[in-house]
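To convert, note that position 225 of the sequence shown is 224 in numbering that gives the first Met the number 0; the numbers rise steadily by one, no gaps.
Ideal Cβ positions, reconstructed from N, Cα and C, are used throughout, including at glycine.
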Amino acid sequence: MVDFSGDPSARGFYAPLRFEADLHDCQVEGTLPAALDGTFYRSCVDRRYPPRVANDIPYNADGAIDMFRFRDGHVDFRSRYVRTPRYVAERRERRALFGAYRNKYTNDPLATDLSMNTANTTPIVHAGKLFAMKESSPPMLLDPHTLRTIEEHDFGGRLGATSFTAHPKIDPTTGEMIAFSYEAKGDLSDDLAVHFFTPDGTLTRSVWLKCPVVSMMHDFMITQTHVILPTTGMVTSEARLLAGENHWAYDPAVPGYVGILPRDGTTQDVRWFQGPPDRAMLIHATNARTEGNKVILDAPVARGNFNPQFPNADGSPFDHEARKNTVRRWTFDLATGAWDEEILFPGVTPTSFTRMDDRFITKAFRWSFNLLTDTALPWDEARAGPLGSQWNAWYRFDHLHGTYEKCSAGPTHTLLEPQFVPRGADAPEGDGYVIGVANNLATMASELVVVDAVDFAAGPIARVKLPFRLHMQVHGWWVSSADLPFDFGRDYDYDGPQYL
Ligand code: V55
Ligand code: FE
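Structural data, given as structure tokens:
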């Protein structure tokens with residue numbers, strides 16, 4: 000039976016949608032800029048069935064992909080579930096077969112031989128291929144025009160790992176993709192693999208490493224010459240899994256480790272830096288570069304457990320202060336082994352949803368964008384209810400001058416991850432638009448809002464208005480029509496052969 004009434008987390012914008020939508024030529028308020036010529040994908044969580052275990056966490060929900068396709072001031076919308084093996088089996092049985100987050104011992108016997116992939120974290124397009132990713136599984140390959148699921152992908156048999164990060168990086172200078180796998184030989188394994196792809200998407204090389212701690216490693220970063228691999232304090236154990244718990248607990252005693260591997264290096268060339276436990280909670284990295292012997296990384300980092308869905312291993316209560324991030328600049332000196340830290344915007348506590356002008360990954364940069372809770376912005380509690388810890392602001396950080404600006408989508412709107420879109424291929428860094436979804440709590444409908452990145456504080460200049468609420472997003476991805484050409488006049492479902 001499909002009954003979510005006993006699931007208190009399935010409320011408001013967190014309630015599942017359980018439908019798939021096509022909206023041709025959406026309603027738009029204001030004028031969409033001509034620079035928006037391309038596709039914005041979103042990875043979302045949307046449960047098909049009430050969970051098998053009590054208190055199952057949102058990270059364990061089924062993955063759905065949304066697509067906003069822009070050209071000439073028009074936009075088409077589509078959403079589809081990712082047909083993971085898990086989705087297909089649960090659809091057939093009309094019930095949940097998979098139990099606690101990343102815990103195979105809690106699955107129904109019918110799920111024993113199936114991938115646990117939910118493909119719910121990030122969409123990415125590289126070499127014309129669309130992937131939907133979950134860090135504990137190989138990526139799902141989708142048709143980028145129809146969102147039809149093709150397969151769980153192993154790069155032609157070359158991915159010799161059981162997992163694949165949800166945050167691969169594309170080098171904007173070379174077009175190469177770099178990714179990694181942790182717990183890369185299955186649950187609890189201390190094996191790490193770093194994968195190198197040619198600009199045409201071929202996996203040519205994997206460097207295998209041993210990690211000093213088996214922990215969540217949600218993101219990493221690249222420079223023009225190095226790969227940076229941060230661990231976290233989220234740890235796991237066989238006992239924990241056998242007890243039926245979800246995969247992670249936070250251990251406040253675990254130090255932060257950062258592995259630095261030369262991009263042209265092999266296994267013995269990795270160098271592990273060890274820091275105090277208050278450097279062990281990097282969830283997303285902003286950008287990094289190599290300057291001489293120094294590797295410099297900017298990222299929001301919390302000093303403790305970032306997520307109350309994962310208990311503290313020592314039984315202590317969740318610390319809401321310690322989850323707050325500060326934007327830190329870490330400098331790793333490859334000559335001396337020193338790991339220095341500087342706080343870039345003292346007093347500002349952003350989320351880990353940090354994005355930038357992706358054309359400047361690996362390079363010196365100035366601007367980043369973030370998602371925040373800001374009680375100083377107008378909030379209409381009478382119509383929208385209490386703001387609480389919901390996100391109502393986008394910030395534009397100036398990493399050169401230590402300043403920032405903010406905007407919102409309105410006093411009844413929450414926001415999701417900002418996505419930067421350049422005004423043109425050759426526009427200077429940060430010259431373009433910031434787009435993303437806003438949820439209007441007064442009307443319970445979603446919008447995609449467009450902000451001019453150089454007139455940031457002015458807020459949205461255009462809104463794509465959907466006649467319903469969307470499911471909750473994790474990450475988004477923009478690909479220009481130059482990098483992923485499409486025929487805007489064509490109905491890909493019905494007109495002739497599919498793209499792939
Ligand atoms: C994160 C998100 C995940 C996950 C592990 O934000 C880490 C971090 C949406 O799923 O499985
Ligand atoms: Fe992420």
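- By the C-beta density criterion, Ala392 is buried, having at least 16 other C-beta atoms within 10 angstroms.
- Taking the CA atoms as reference points, Met132 sits about 30 Å from Gly72.
- At least 8 Å separates the beta-carbon of Met115 from that of Lys168.
- In the three-state reduction of the DSSP assignment, Tyr432 falls in the strand class, which pools E and B.
- Assigned with DSSP and collapsed to three states, Tyr13 falls in helix.
- When rounded, the separation of the alpha-carbon atoms in His225 and Gly258 is 10 Å.
- If you ignore the 5 residues before and after Thr231, its C-beta comes within less than 6 Å of the C-beta of Ser214, Met215, Ala279, Met280, all in its own chain and listed in chain order.
- Looking at the DSSP output, Trp207 sits in a beta bridge with Ala192.
- Distance from the Cα of Gly174 is smallest, within the candidate group Gly156, Ala126, Asp142, Thr148, for Ala126.
- Neighbourhood of the ligand V55, defined by CB distance below 5 Å to any of its heavy atoms: Tyr58, Thr120, His217, Val473, in chain order.
- Counting C-beta pairs with one atom in each stretch, the stretch 331-339 and the stretch 349-360 have fewer than three that are closer than 8 Å, which means they do not touch.
- Within the same chain, and ignoring the five residues on either side of Ile56 in sequence, the residues whose Cβ sits closer than 7 Å to its Cβ are Tyr100, Asn245, Gln308.
- Secondary structure at Phe331: strand, using DSSP grouped into helix, strand and coil.
- Measuring C-alpha to C-alpha distances from Glu380 to each of Gly409, Thr402, Asn369 identifies Gly409 as the nearest.
- When secondary structure is reduced to three states using DSSP, Arg46 falls in the coil class, being assigned neither helix nor strand.
- Annotation for Gln26: Lys464 place their beta carbon closer than 6 Å to its own, counting only its chain and skipping 5 residues before and after.
- According to the DSSP secondary-structure assignment, Tyr40 is paired through a beta bridge with Met66, Trp476.
- Annotation: Arg354 to Glu320 spans about 23 Å, alpha carbon to alpha carbon.
- The three-state secondary structure of Glu175, taken from DSSP, is coil.
- Glu92 carries a helical assignment under DSSP once its states are collapsed to helix, strand and coil.
- When DSSP reads this structure, Lys168 sits in a beta bridge with Ile177.
- Within the DSSP secondary-structure output, Ser78 pairs in a beta bridge with Asp65.
- Asp61 is the residue among Cys43, Asp61, Leu343, Ala426 whose C-alpha sits nearest the C-alpha of Phe97.
- The DSSP-derived three-state label of Phe359 is helix.
- Each residue's CA atom was taken as its position, placing Val74 and Asp24 some 5 Å apart.
- Closer than 7 Å to some heavy atom of the ligand FE: that does not describe the Cβ of Ala242.
- By the beta-carbon neighbour count (other beta carbons within 10 angstroms, threshold 16), Val87 is exposed.
- In its chain, beyond the 5 residues on either side, Asp36, Phe487 have a beta carbon closer than 6 Å to the beta carbon of Arg70.
- Ranking Arg147, Arg47, Pro345, Glu290 by CA distance to the CA of Lys323 puts Pro345 first.
- CA-CA distance, Ile282 to Asp218, rounds to 6 Å.
- Runs of the beta strand (DSSP E) lying entirely within the stretch 289-326, each at least 3 residues long, are 293-301 in chain order.
- Excluding its 5 nearest sequence neighbours in each direction, Ser407 has C-beta neighbours in its own chain below 6 Å: Leu376, Asn391, Ala392, listed in chain order.
- By the Cβ test, the stretch 197-211 is in contact with the stretch 151-161, since at least three Cβ pairs between them sit closer than 8 Å.
- Three or more pairs of CB atoms, one per stretch, sit closer than 8 Å, so the stretch 104-122 contacts the stretch 135-145.
- The three-state secondary structure of Asp107, taken from DSSP, is coil.
- By the Cβ-count criterion, Asn59 is buried, with 16 or more other Cβ atoms from all chains shown falling within 10 Å of its own Cβ.
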